[in-house]
Structure formats: C-alpha cells, structure tokens
Amino acid sequence: MGVLLALSCIIFLAPLSSSIAAEDAVILPPALHIEALHPLVRPGLIHRLRISMQGQGDFQGSESAVLAVAVHAGAQRLMSRQIEDVSVGDLRRGLVLNWIAPGEWPAEAVRVEAHWLRRPMPLVARQGLDDLPSLARRLSQQASAVDQKQHPDPRPQLWLEQAGLELRRAPDLAAAMTLQRLSAHLERWLSLPEDPALQGVEGAWRCPIDGSVQPYRLHGQGADSAAPLLVIFQGQRQREQLNKSRWPAAPQALIETLLAAGWRVLECYPAGDRAWSGIALRRAQALLDELQRQGFKGPVWGLGRGAGGGGMLRWALDDPGRLAGLVLMEPRLLNPHFSAEPADDGAERWRELPWQPELRLAHLRHLPIYQQGAGDEAMQRLWQRRSGLGADHPQAVVREEELHQATWWDDRAGATDVPPLMALPGQARILPEYRALRPGRLGPLVVAGIEDPLRGGHILIDAETKRLESHGLRGLQWRLSPSPALRLVVNQGQATAPVLPHDAYAQGPWLVVWGGGEHLASRQRNQALLQQFLADWAQHAHGRPPVISDEAFLADEESAGSWREYHLVLIGGPRSNRLSERLLNQLDRLPVTWDHRSLVHRDATYLRQEVGLALALPDPRHAGRSLLLLDGLPAWQSHAGEMPLQGTAGLLLRHGPEATPQFFIRP
50 MGVLLALSCI
60 IFLAPLSSSI
70 AAEDAVILPP
80 ALHIEALHPL
90 VRPGLIHRLR
100 ISMQGQGDFQ
110 GSESAVLAVA
120 VHAGAQRLMS
130 RQIEDVSVGD
140 LRRGLVLNWI
150 APGEWPAEAV
160 RVEAHWLRRP
170 MPLVARQGLD
180 DLPSLARRLS
190 QQASAVDQKQ
200 HPDPRPQLWL
210 EQAGLELRRA
220 PDLAAAMTLQ
230 RLSAHLERWL
240 SLPEDPALQG
250 VEGAWRCPID
260 GSVQPYRLHG
270 QGADSAAPLL
280 VIFQGQRQRE
290 QLNKSRWPAA
300 PQALIETLLA
310 AGWRVLECYP
320 AGDRAWSGIA
330 LRRAQALLDE
340 LQRQGFKGPV
350 WGLGRGAGGG
360 GMLRWALDDP
370 GRLAGLVLME
380 PRLLNPHFSA
390 EPADDGAERW
400 RELPWQPELR
410 LAHLRHLPIY
420 QQGAGDEAMQ
430 RLWQRRSGLG
440 ADHPQAVVRE
450 EELHQATWWD
460 DRAGATDVPP
470 LMALPGQARI
480 LPEYRALRPG
490 RLGPLVVAGI
500 EDPLRGGHIL
510 IDAETKRLES
520 HGLRGLQWRL
530 SPSPALRLVV
540 NQGQATAPVL
550 PHDAYAQGPW
560 LVVWGGGEHL
570 ASRQRNQALL
580 QQFLADWAQH
590 AHGRPPVISD
600 EAFLADEESA
610 GSWREYHLVL
620 IGGPRSNRLS
630 ERLLNQLDRL
640 PVTWDHRSLV
650 HRDATYLRQE
660 VGLALALPDP
670 RHAGRSLLLL
680 DGLPAWQSHA
690 GEMPLQGTAG
700 LLLRHGPEAT
710 PQFFIRP
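Last residue of the sequence shown: 716 (my numbering), numbering continuous.
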C-alpha cells in the first residue's frame, strides 16, 4: 500500500442529546450513525469519528456485540479496528474513535464503514468523508459551473480565490472549516444566486482600476441610507501576511458600539499596500463612490490605526471635502521607498512634492481630527504645522475607551453639518481653499492643467461673494454641480508641458499592451518585462489587470474600440510594439529615440538590451488618459508590497540590472 498507518484508537463515551418525542412522532427503526468530528480529513493528522445508534428497537440495554470500523480509499484500507463488547447503551451514548490519516494521500475518495455485528440482525452504516483532495476536486467542478453561468455577481470568484489560497496553506483546522464553508457557499449560489442566506458581512466588488475582485466588510447594511458611515483602515503587524481569505478585522467591540450608535461600518482590504499610500487608498475611494451610486447618502468619517491612520490622513489631503472627520489611532505616516535617484533639480523637487503634507494643510483646516496615542515623528511634526493655521477644528485627543462608547459616536454624527453653500450632493463639501499639485480630481473639482507642475497651484473660494479664483492652473471644471449662485473665475494661464507620474496608470482603469513584433529575442525581452511588472503589481494589489497583445489591441480599436477609456501600459518600444510606434508618432519632442539596436538619450547611446526605460506621457488620443511605456530591462527596483514605479515621473532610466534607476523631469 506504500503507507503504514500508525493507528491509535481511543474510545470515549459521549452522551447524546435527549429529546422528548411527540406522541404522533414517527418511530424510526434502529440504525447506526457516523459523524465526522473534524471538518476535513487532512494528511498526517489525528481525526475523530463518532459512532452512535439512532431510532428505536427491541434491544436489551445489556446486549453487546463487536463493533468493526474501517476507513477506505478505493481498494486501499486506511484504518481498521474491532472493538469488543460494545453494548446498546454504549452506542446510544456514542463512541468516539481517533485515527491518524496517512501522510501520502490517496487519489480516490475516502469513506468509512461501521458494522455492529449483532446476531441475527447486524447494523451497518457507510458514509463518505470530506478530505482535502476530494474537496479540491469539488471546488474545481464548482469553478467550471461558475464560468458556465457567466453571472456578473463577483462573489463566486472571490470565494474561489479564497479557496485556492486556503488550499495552498498548511491544512490547519481553520483552513478546513473555511474550505467547507466556501464550498457550501458556492453550492448554494449555483442553485440560487439571489439566496438571502448568502448576504453576509463580507462582500465582494470588482475594482474598476485593474478589474480584479476584492473583498470588503460592510456592517449595518440594514441601516437608513442617510446613516453616517465610518470607513476603517486597519493597520497590520510588520511581519503579518494577509490575503483575501485572511485579513485583519476591526475589533468586534468597536463594531458593536458603532452599530448601537446607528452607524454603518466599512472595513477596507489593503492588499499588499502596507503603507496605505497606493492601491489601498485608491480602491477605498472607488469603493465609496460605488456605495454612493447604490444610494448611500450619509456623512463619511475615517478611522485609521497605525499605518492605516497615515492612509486616512492622505485621503483627507488628496480628496479634500470627502471626509467629515478623522479618528487616528497611534498613526504612522509611512512613505514609499524611493528607489530611484533624481537626475536633475526638477526630479529632486518632484520626489518631495507629493509627500510633503504641509503643502496641502489647507485641506485639513476645517476638518475635525481626533487622535488616540502619540503617533510617529512625522505625524507630530504635521500637527505642529497645522496648529499654526488656526484650524477651525483643532486636533483633539481621544482615549481609546471613549471610542467604545456609543454616546461619543452620537456626538460625532451630530457634528457633521456644514453650511448649505459649502455642501454638495453626497455630503461632499466645498472648502474655502485648495492646493493642486497634479492634474486630476481634487474634491469636487477637476484640475485640467498646472502652469508649473513643480510648484502647483491653488484655488480660493469666497463664501460671501460666491466667487472662485484660481492661480497657477490652466483650467477647472466642477465634478459635481454646486449652487447655481457660485460663479467660476478661472485664471487661464499657459501651462507647461505636463509632467505625469509613472503611477498615473493606476488612477483609473488600465490595460497592459505587450509588443510581439520585431524578432524572437525582442519578444522574449518583452515577455520577461511583462511578467516582472505583473508579478510586482500582484504583490502590491493582489490583482491582475487585463493584458492584450499589440496586434489584438489594434484589431479591436478598428472594430469595437473596447479600451478607449483606459490608461495604457505599453510593454516594448516603437521597434517591438506597433501600438507604441503609432502613439509615439503622434507626440512631439520625445526625450529618447530608438533604432534597431540602440536607445539615445541626450548625448548618450545605450544598447537596448542593457538599459531599462519607463516613460510617462499623455495619451494623444484621449485627454486625461496616460501612457506608461516600458522597454528593455525593468526600470524600477522591486520592493515587497510597493506599487511599481510609485514616486517617480517623467523619464526613468536604469543602466543595467544592478544599477540604481535615475529619473528626469526636464529630459
């Protein structure tokens, strides 16, 4: 058989729960019953079975016989045991047997047989046991059935991903219980996708940025649509490994307090973004957009713990007016690892610009902020600078025990009102001042362009005169409709050439287009570059964007134009990617040029296979969309969990796989 089982068969007498039968109840004949006391048979571990008798019969209580129990996998016997003098009373109370599963698992399903060898009428029971390989096969069948159903509900895909993650773990008890629960969910969903029994706290949604399915937890789903919402960013321990199946939960006592106070609670999944500075923050904003499209109208507060507190502060800085207040618990303001060296004074300025929160402290001026714990040095410096603004809502200290009092949250819910002039639909607020560092969304505004991208611009709104003035900006538009009495006065300055961050691709839906042209060596380099980029994105975002070849993209563009609204990541330069060639020909003053074997930047020439390049450019076909061109070696340095190419802009060059990348803002 290849496996010699070490069998330890220990017998316990376990009382069965008693019940009083109704007078007209059906009297069942006697039968043996087998119950698996572990959720899943796992290789090399001890498992327990309960053998008991159910039903009625004319047995004498002292009558006894041999009980034979065997576990089989096809023709292979995994365990066999005979127990002498097992009485009727023993069976009615129940016997518990321990057995050790084999370390090398058979390919066939596992079943158990029990025989109570009473004469002249023995009792026999047979039952299959859930085991890891059988459950994996069942999940594979369910995955095929989900694919065939082609239903838009993202939950089955999340359950299948979670099951795959659990199958790759050590088969502990928690994994076994989770796998059985997920398989049961899938079975129920395949029968009735709208089954109310599947409406739990954990939900699934399809992220519009990379199209992946991500989890979230929403508590208080039955609350009124105008109820306040608390969004939670839960920090994680330094070495804690999380995935879509197992990720940190907010304290249950805090959740119960908030629900008692009439709040809803949204827990966001950070993926691999430990600093809450990349995809975790962008997904939280997109998820809130989705909830508001579904009818949520209440004010939104944010609570962050540890690095999650720094993430909440970034949200308030990046999306001013969206949050009605912040609660920060021992916050840490973590910045990404800057793995590229600035190659000119513009790059030096750019590297610092987005990560200096004091440049946008005006966005915090009217925001109530409560902090528990001291926070790190970066947070302490920030509060010192904010205190100099004379904030309308200065930072306040809150004790952790206060956060577990419903009355404290009642007071916060009643303190979110804003003057009518300063309110927009969905509880967004118009602030009296904005600082714009990059084109794009800025609270209820959209900044079209900035005159000097290394200095930024600002916007002032006078609540009395209802006038808006902008300085250093090329143009503005409203994202939401403000009061008709609020007029726009926009300074139409001449904007310089736009400087795009390399991570602009992750601001919205994006697509990877890899080049398959030129020759075999070029295609292989493009494939290697593609796989490295996707692997680093997966580690950061726990997702995978859509990927298409240049030939397929161009064919689709001529017919359907399915990718018209997407940011593009182009793998391969104009020599190996036909789409790169077409788009670059529509742009002027490129900082680099290519030929069949070389790349030229300024007065330097490099062999294409020895240099890595990343170039961020505006899409010449669609305003507001960006291109990220990658060619040669990976131009970025990979750091665990960080977004590829975060914190750099313009042109990034890496002169060899061991060299430190350099980026140029003024190429």
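Using N, Cα and C, we set each Cβ at its ideal position, and we do this for glycine too.
Query raised in the report: Which one of R674, P669 and V660 has the shortest CA to CA distance from P706?
Result: For this step, residue 706 is matched to residue 657 along the sequence shown. Check the Cα spacing between P706 and each of R674, P669 and V660: the tightest is with V660.
Query raised in the report: Can you tell me the Cα-Cα spacing of V115 and V145, whole angstroms?
Result: Position 66 of the sequence shown, counting from 1, holds the residue named residue 115. Position 96 of the sequence shown, counting from 1, holds the residue named residue 145. Straight-line Cα distance between these residues: approximately 15 Å.
Query raised in the report: If you drop the 5 nearest sequence neighbours on each side, which residues of the same chain put their C-beta closer than 8 Å to that of D644?
Result: Locating residue 644 in the sequence shown gives position 595, counting from the first residue. Around D644: R624.
Query raised in the report: Helix, strand or coil: which one does DSSP assign to H234?
Result: For the purposes of this step, residue 234 is taken as residue 185 along the sequence shown, with counting starting at 1. Reduced to three states, the DSSP call for H234 is helix.
Query raised in the report: Do you know how far the Cα of A117 is from the Cα of D134?
Result: Position 85 of the sequence shown, counting from 1, holds the residue named residue 134. Position 68 of the sequence shown, counting from 1, holds the residue named residue 117. Rounded to the nearest angstrom, the gap between the Cα atoms of D134 and A117 is 11 Å.
Query raised in the report: Run through DSSP, which three-state label would L529 get?
Result: Residue mapping note: residue 529 aligns to position 480 of the sequence shown, counting from 1. No answer about L529 holds up, because its pLDDT of 41 lies below 50 and its placement is not dependable.
Query raised in the report: Considering only residues of the segment 289-336, which uninterrupted alpha helix (DSSP H) runs meet the minimum length of 4 residues and lie entirely inside it, listed in chain order?
Result: Secondary structure remark: continuous alpha helix (DSSP H) runs of at least 4 residues inside the segment 289-336, in chain order: 301-309.
**Report entry** Stretch pair the segment 280-287 + the segment 346-358: three plus CB contacts closer than 8 Å
**Finding:** At 8 Å Cβ cutoff, the stretches touch.
Query raised in the report: Excluding the five sequence neighbours on either side, which residues of its own chain have a C-beta within less than 6 Å of the C-beta of L382, listed in chain order?
Result: Taking the sequence shown and counting its residues from 1, the one referred to as residue 382 is at position 333. Contacts found: G359, A427 and M428.
Requested in this report: Give the range of the alpha helix (DSSP H) segment to which G606 is assigned.
Outcome: As a first step, residue 606 is located in the sequence shown; it is residue number 557 there, counting from the start. Before going on, a small fix: residue 606 reads as Glu here, not Gly. Unbroken alpha helix (DSSP H) run through E606: D599 to S608.
Requested in this report: Please indicate yes or no: does the CB of T514 lie closer than 7 Å to some heavy atom of the ligand COA?
Outcome: This structure lacks the ligand COA; in fact it carries no ligand of any kind.
Requested in this report: Kindly confirm or deny that the segment 567-582 and the segment 249-257 touch, where touching means at least three C-beta pairs closer than 8 Å.
Outcome: With a cut-off of 8 Å, the segment 249-257 and the segment 567-582 do not count as touching, because too few Cβ pairs lie within range.
Query raised in the report: DSSP on P550, reduced to helix/strand/coil?
Result: Numbered from its first residue, the sequence shown carries residue 550 at position 501. Note: P550 maps to strand in three-state DSSP.
Query raised in the report: Since D680 contacts L662 with CB under 8 Å, what's their CB separation in whole angstroms?
Result: Taking the first residue of the sequence shown as 1, we reach residue 680 at position 631. Taking the first residue of the sequence shown as 1, we reach residue 662 at position 613. Between L662 and D680 the Cβ distance is about 5 Å, and since that is below 8 Å, they are a contact.
Query raised in the report: So, helix, strand or coil for A584, using DSSP?
Result: Within the sequence shown, numbered from 1, the residue matching residue 584 stands at position 535. Helix at A584.
Query raised in the report: How is the alpha helix (DSSP H) around E518 delimited, first residue to last?
Result: Indexing the sequence shown from 1 puts residue 518 at position 469. Not the alpha helix (DSSP H): E518 falls in the beta strand (DSSP E), residues R516 to H520.
Query - Sub-8 Å separation of S294 and L214 beta-carbons - result: For the purposes of this step, residue 294 is taken as residue 245 along the sequence shown, with counting starting at 1. For the purposes of this step, residue 214 is taken as residue 165 along the sequence shown, with counting starting at 1. Yes, they are a contact pair.
**Report entry** C-beta atoms of S675 and L486 nearer than 8 Å
**Finding:** In the sequence shown, counting from the first residue as 1, residue 675 sits at position 626. In the sequence shown, counting from the first residue as 1, residue 486 sits at position 437. Contact: no.
Query raised in the report: Should F713 and A392 be called a contact, given that it needs their Cβ atoms to be closer than 8 Å?
Result: Along the sequence shown, read from residue 1 onward, the residue named residue 713 stands at position 664. Along the sequence shown, read from residue 1 onward, the residue named residue 392 stands at position 343. Yes, they are a contact pair.
Query raised in the report: Do you know offhand how far V562's Cα is from F602's?
Result: What you label residue 562 is simply residue 513 of the sequence shown in a count that begins at 1. What you label residue 602 is simply residue 553 of the sequence shown in a count that begins at 1. V562 and F602: Cα-Cα distance of roughly 7 Å.
Query raised in the report: Using a Cβ-Cβ cut-off of 7 Å (strictly less than) and excluding sequence neighbours within five positions of P203, which residues of its own chain qualify?
Result: Position 154 of the sequence shown, counted from the start, is the residue given in the question as residue 203. The residues A253, W254, R255 and V262, in chain order, have a CB closer than 7 Å to that of P203 in the same chain once the five nearest residues on each side in sequence are set aside.
Requested in this report: Could you spell out the range, first to last residue, of the alpha helix (DSSP H) harbouring W399?
Outcome: Here residue 399 is taken as the residue at index 350 of the sequence shown, counted from 1. Taken as a continuous stretch (DSSP letters only), the alpha helix (DSSP H) holding W399 covers D394 to E401.
Query raised in the report: Can you name the start and end residues of the beta strand (DSSP E) that P667 belongs to?
Result: Within the sequence shown, residue 667 is the residue found at index 618, counting from 1. G661 to P667 is the extent of the beta strand (DSSP E) around P667.
Report task. With DSSP as the reference, label T719 as helix, strand or coil. Result -> This structure leaves residue 719 out entirely; the chain is present only between 50 and 716.
Requested in this report: Sort out for me which residues DSSP pairs A698 with in a bridge.
Outcome: In the sequence shown, residue 698 corresponds to position 649, counting from 1. The partner list for A698 (beta bridge, DSSP) reads P550.
Requested in this report: Report the option in L178, V137 and E210 whose CA atom is closest to the CA atom of W165.
Outcome: The residue labelled residue 165 in the question sits at position 116 within the sequence shown. For W165, the nearest C-alpha among the options comes from V137.
Query raised in the report: Are the segment 221-239 and the segment 174-192 touching by the rule of at least three beta carbon pairs closer than 8 Å?
Result: With the cut-off at 8 Å, the segment 221-239 and the segment 174-192 touch.
Query raised in the report: Assuming G492 contacts P369 under a Cβ cut-off of 8 Å, what Cβ separation, rounded to an integer in Å, is found between them?
Result: Locating residue 492 in the sequence shown gives position 443, where the first residue counts as 1. Locating residue 369 in the sequence shown gives position 320, where the first residue counts as 1. That pair is a contact at about 4 Å.
Query raised in the report: Sorted by chain position, which residues of the same chain lie with C-beta nearer than 6 Å to H650's C-beta, five sequence neighbours on each side aside?
Result: Locating residue 650 in the sequence shown gives position 601, counting from the first residue. Same-chain partners within the cutoff: V641.
Query raised in the report: By DSSP, does D179 sit in helix, in strand, or in coil?
Result: As a first step, residue 179 must be located in the sequence shown, where it is residue number 130. In this structure, D179 counts as coil in the three-state DSSP scheme.
Query - For A462, the nearest candidate out of Q433, A309, S571 and G271 (CA to CA) - result: One-based indexing of the sequence shown puts residue 462 at position 413. When only C-alpha atoms are compared, the closest one is A309.
Requested in this report: Consult DSSP for L383 and reduce its assignment to one of helix, strand or coil.
Outcome: Reading the sequence shown from its first residue, position 334 is the one you call residue 383. Coil at L383, not helix or strand.
Query raised in the report: Would you report the Cα separation of W364 and E567, rounded to the nearest angstrom?
Result: Along the sequence shown, read from residue 1 onward, the residue named residue 364 stands at position 315. Along the sequence shown, read from residue 1 onward, the residue named residue 567 stands at position 518. Going from the Cα of W364 to the Cα of E567 covers about 44 Å.
Query raised in the report: Are the C-beta of P623 and some C-beta of chain C separated by less than 8 Å?
Result: The chain inventory of the structure shown lacks chain C, comprising one protein chain alone.
Query raised in the report: Looking at the unbroken beta strand (DSSP E) that takes in G264, where does it start and where does it end?
Result: As a working note, residue 264 is residue 215 in the sequence shown. Checking the sequence, you will find Pro at residue 264 rather than Gly. Run containing P264: V262 to H268, per the beta strand (DSSP E) assignment.
Query - Rounded straight-line distance, which links the Cα of P693 to that of G321 - result: What you label residue 321 is simply residue 272 of the sequence shown in a count that begins at 1. What you label residue 693 is simply residue 644 of the sequence shown in a count that begins at 1. Cα to Cα, G321 sits roughly 12 Å from P693.
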